[in-house]
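**Q**
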Amino acid sequence: MFKENTFKDKVALVTGGRSGIGFCIAQNLLQLGAKVIIVSRKEEQLQEAQKELAAFGEVSAVTCDIKDTEQIKAVVEHIKTNYGQLDVLVNNAGGQFPALAEYISDKGWAAVINNNLNGTFYMTRDMANAFFIPQKSGVVVNIIVDLYRGFPGMAHTGAARAGVENMTKSLAQEWSDFNIRLNCVAPGIIDSSGLGTYPKPVQDKLEEAKQAIPMKRFGQAQDISNAVCFLASPLSSYITGTTLYVDGAQHLNFDKMGLPNVLKSFL
Ligand SMILES: NC(=O)c1ccc[n+]([C@@H]2O[C@H](COP(=O)([O-])OP(=O)(O)OC[C@H]3O[C@@H](n4cnc5c(N)ncnc54)[C@H](OP(=O)(O)O)[C@@H]3O)[C@@H](O)[C@H]2O)c1
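If you want the working numbering, it's the position in the sequence shown, counting the first as 1, plus 11.
If you want it as structure tokens, here you go:
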């Protein structure tokens, strides 16, 4: 199974690697022997994370907004100059806000689609063109959300992530000629930094939400990272174009934590 040298001589890029789930993934890839690049928008926090991660291996950081293709070019140049190759791309960067669909503005809708769908596509296309296609090898793992039954209360991110999931299926077929594998990981509710960004009434309902999950607990960043490391490694060499739910069977549950009802109580 996993060994300290599972990713020896491999180079991995983790978007949103400065916090939460992305930080855990970056740490684990380093512990398994990869050289890691983390990118995100907030320079200071990114540098802090890079310093912390340096305890686990060779890591560098580049400030980059995944929505901006000029900034992505700078990441490509950084990787070409410092590593000369890229083997793994983890598209973890993303974010959303809870909202009832009838109140989502044009701007709010566009922002979530642009960040989660367009940004993920730009990163994937540009890393494939620069590295994976010429190398004839590469692995992409896309973090999406638990969207099996739709995503009431966050229709914008559900739509964006469904787009990512479908893109993953398309590219897994188109790019199999180049020996590129792409898969998604769909986290349930994960007890990580992202959870703290939700409004208080939503936070207040989290304990109740836990009871609606068949396994009656939230996941940890480590649970997601385990799945990502598996899908990024040769252990999954015959798996491509699929989605792995890491959610304590939450996607099989109709309740979906009743988020729309929580939102209706204060919006
Ligand atoms: N926690 C959960 O329950 C949960 C459940 C399902 C899915 N997810 C998804 O899993 C991923 C990680 O979540 P998390 O809980 O670890 O939350 P988080 O700490 O808020 O992580 C989001 C990361 O993405 C980066 N980011 C966001 N937009 C970006 C952009 N345009 N360009 C570059 N970096 C960007 C952020 O850094 P900067 O602010 O510095 O850019 C941050 O490091 C997210 O995509 C999230 O939606 C989380």
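Every residue, glycine too, gets a C-beta built ideally from N, C-alpha and C.
Since the model is a prediction, treat every value here as computed from it, not as a measurement.
So, for residue 12: in the same chain, excluding its five sequence neighbours on each side, which residues have a beta-carbon less than 8 angstroms away from its beta-carbon?
**A** So the qualifying residues of the chain are 246.
**Q** In three-state DSSP terms, what is residue 194?
**A** strand
**Q** Answer yes or no: the CB of residue 51 versus the heavy atoms of ligand 1, is any distance below 7 angstroms?
**A** yes
**Q** Using the Cβ count rule (16 or more neighbours within 10 Å means buried), how would you classify residue 161?
**A** exposed
**Q** Given a threshold of 16 other Cβ atoms within 10 Å of its Cβ, counted over all protein chains shown, does residue 226 qualify as buried or as exposed?
**A** exposed
**Q** Where does residue 53 land, buried or exposed, given buried means 16+ other C-beta within 10 angstroms?
**A** exposed
**Q** Quick check on this structure: which residue in 241, 254, 213 has the alpha carbon closest to the alpha carbon of residue 173?
**A** 254
**Q** What are the residues that DSSP puts in a beta bridge with residue 153?
**A** In DSSP, residue 153 forms a bridge with 102, 195.
**Q** Across which residues does DSSP place residue 205 in a beta bridge pair?
**A** None; residue 205 has no bridge partner.
**Q** Extract the residue ranges of the alpha helix (DSSP H) inside the segment 57-126, only unbroken runs of 4 or more that lie entirely within it.
**A** 80-93, 117-124
**Q** For a test of your reading of the model: does the CB of residue 195 fall under 7 angstroms from any non-hydrogen atom of ligand 1? Yes or no.
**A** Residue 195 Cβ: outside cutoff for every heavy atom of ligand 1.
**Q** Please report the straight-line C-alpha distance between residue 56 and residue 224, rounded to a whole angstrom.
**A** 33 angstroms
**Q** For residue 33, count neighbouring Cβ atoms within 10 angstroms of its own Cβ and tell me buried if that reaches 16, exposed if not.
**A** buried
**Q** Restricting to Cα atoms, I'd like to know which of 212, 179, 269, 15 is closest to residue 222.
**A** 269
**Q** Kindly indicate the opening and closing residues of the alpha helix (DSSP H) around residue 133.
**A** 130-138
**Q** Tell me the rounded alpha-carbon separation between residue 25 and residue 220.
**A** 29 angstroms
**Q** According to DSSP, which residues form a beta bridge with residue 48?
**A** 24, 71
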